[in-house]
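Here's the structure, in structure tokens; my notes come after.
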Amino acid sequence: MTPQLSLHEEVASALAAGDPVVALESTILSHGLPPGRNLDVARRLEKVVRDGGAVPATIAVLDGVPLIGLTGEQLERVCAPGADLDKLSLRDIGPAVGLGRSGATTVASTAALAAAAGIGMFATGGLGGVHQGAALSWDVSADLGVLAKVPTTVVCSGVKSVLDIAATLELLETNSVPVLGYRTGEFPAFYLRSSGFEVPWRVDDAAQAAAVIAAHRAHAESGVLLANPIPEASEMDKELHDRLLAEGLELLKSQGVHGKDVTPVLLEHFHTASGGVSLDANEALVLSNAELATEVAVALAGNAA
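Numbering follows the numbering used here, in which position 193 of the sequence shown is assigned residue number 1109; successive positions increment by one, without gaps.
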């Protein structure tokens, strides 16, 4: 653990006792959900983790301090209308800390900060990946590079269908990151349960996932990706999804949007043009991922006891 991290007392106590802890990111709250709903989801995520027998550790940087676990007041600050938090990937943590800035952590920075604090389990919505046209633009999410270097298990609903999913899976393989499908042999595509691409390994319960993760940690230093499809009842209609995606891609092209701005713009289009359907889907999948991450974290803690 680095001396610059500030651990919530509950998180520090749990880690010292070997109790299960689940990291949660803050970008989904500050940049992915509208004010009001974001705070409700933040509280529900933490409740899901607690109800499952683990301690939640929502991560953010406030006033230049990386916080591992937030107080109720800090959570409200992250979710407040007009909070104007920076979006912090791992490359941005140093500048934010050095300049005393405040920001919400992405998958890359949350995974890295969680690992630095000694937390090995992290639940999020979707992973970043290789963007279409990356052979020319080199537009590849930092999430993939971080997973190659830190032993964090990321539980997510795959990647968004706008990405080059085949290339994303190839890069994960190159970086020695195992991809596990939870009760599925197909890699999920966020709003959709299947992207049409296979996963190399399947697990059917938390105990199997925990066994794989523990074995991987004994042989490699990279992370693990546990892909959990969106609950069937919350999956977006395929026709609606494809129409919104086509519109979103045209919007990105017309506005010249690229890099880290792609996801927020696409999400905003999905949210507004779907009449809230995508918001419901987003909420359902991230809550499902938090529940699964908690089950696996509890199983891992039991194995280590």
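Even glycine gets a Cβ: it sits at the ideal position worked out from N, Cα and C.
Whose C-beta lies closer than 7 Å to the C-beta of residue 930 among residues of the same chain, with five residues either side of it excluded? 937, 971
Pick out the complete alpha helix (DSSP H) segments inside the region 997-1032, 4 residues or longer, and give them in chain order. Here the runs fully enclosed are 1006-1014.
Give me the residue from 991, 1016, 1218 with the minimum Cα distance to residue 924. 991
Is it true that the CB of residue 976 sits closer than 9 Å to the CB of residue 986? yes
Under the three-state DSSP convention, the category residue 924 falls into: coil
How many angstroms separate the CA atom of residue 1079 from the CA atom of residue 1169? 15 Å
Quick one, which of 1057, 1069, 1092, 1089 has its alpha-carbon nearest residue 1075's? 1057
Please report the distance separating the alpha-carbon of residue 1111 from that of residue 1186. 18 Å
Would you mind stating whether residue 957 and residue 945 have Cβ atoms separated by less than 9 Å? yes
Residue 933 versus residue 1121: straight-line alpha-carbon distance, rounded: 25 Å
For residue 1027, tell me which candidate among 1017, 1044, 1013, 1016 has the shortest Cα-Cα distance. Checking every option, the nearest Cα to that of residue 1027 belongs to 1044.
Should the region 1089-1102 be called in touch with the region 1117-1133, which here means at least 3 C-beta pairs below 8 Å? yes
Just the Cα atoms here: how many angstroms apart are residue 1217 and residue 1008? Approximately 32 Å between the Cα atoms of the pair.
How long is the line joining the alpha carbons of residue 1063 and residue 1190, rounded to whole angstroms? 32 Å
Which same chain residues end up closer than 6 Å to residue 1210 when comparing Cβ atoms and leaving out the 5 residues on each side of it in sequence? 938, 965, 968, 970
DSSP three-state call for residue 1225: helix, strand or coil? There is simply no residue 1225 to check, as the chain begins at 917 and stops at 1221 in what is shown.
Quick one: what does DSSP say residue 1191 is sitting in, helix, strand or coil? Coil at residue 1191, not helix or strand.
Tell me residue 1037's beta-bridge partners as DSSP assigns them. 1069
Hey, how far is the Cα of residue 1047 from the Cα of residue 979? 32 Å
Would you call the CB atoms of residue 1105 and residue 1081 closer than 9 Å? Yes, the Cβ-Cβ distance between residue 1105 and residue 1081 is below 9 Å.
CB contact flag (residue 994, residue 1070, <9 Å): no
Report the residue from 1103, 1213, 1108 whose alpha carbon sits nearest the alpha carbon of residue 1117. Of 1103, 1213, 1108, the residue nearest in Cα terms is 1103.
Can you check DSSP and say which residues form a bridge with residue 1047? 1079
Measure the C-alpha to C-alpha separation of residue 1114 and residue 1141 and round it to an integer number of angstroms. 14 Å
Leaving aside the five residues before and after residue 1092 along the sequence, list all residues of the same chain whose C-beta is less than 6 Å from its C-beta, in chain order. 1136, 1138
Between residue 1194 and residue 1060, what straight-line distance do the alpha-carbon atoms span, to the nearest angstrom? 25 Å
Does the distance from the CB of residue 1206 to the CB of residue 1020 come in under 9 Å? no
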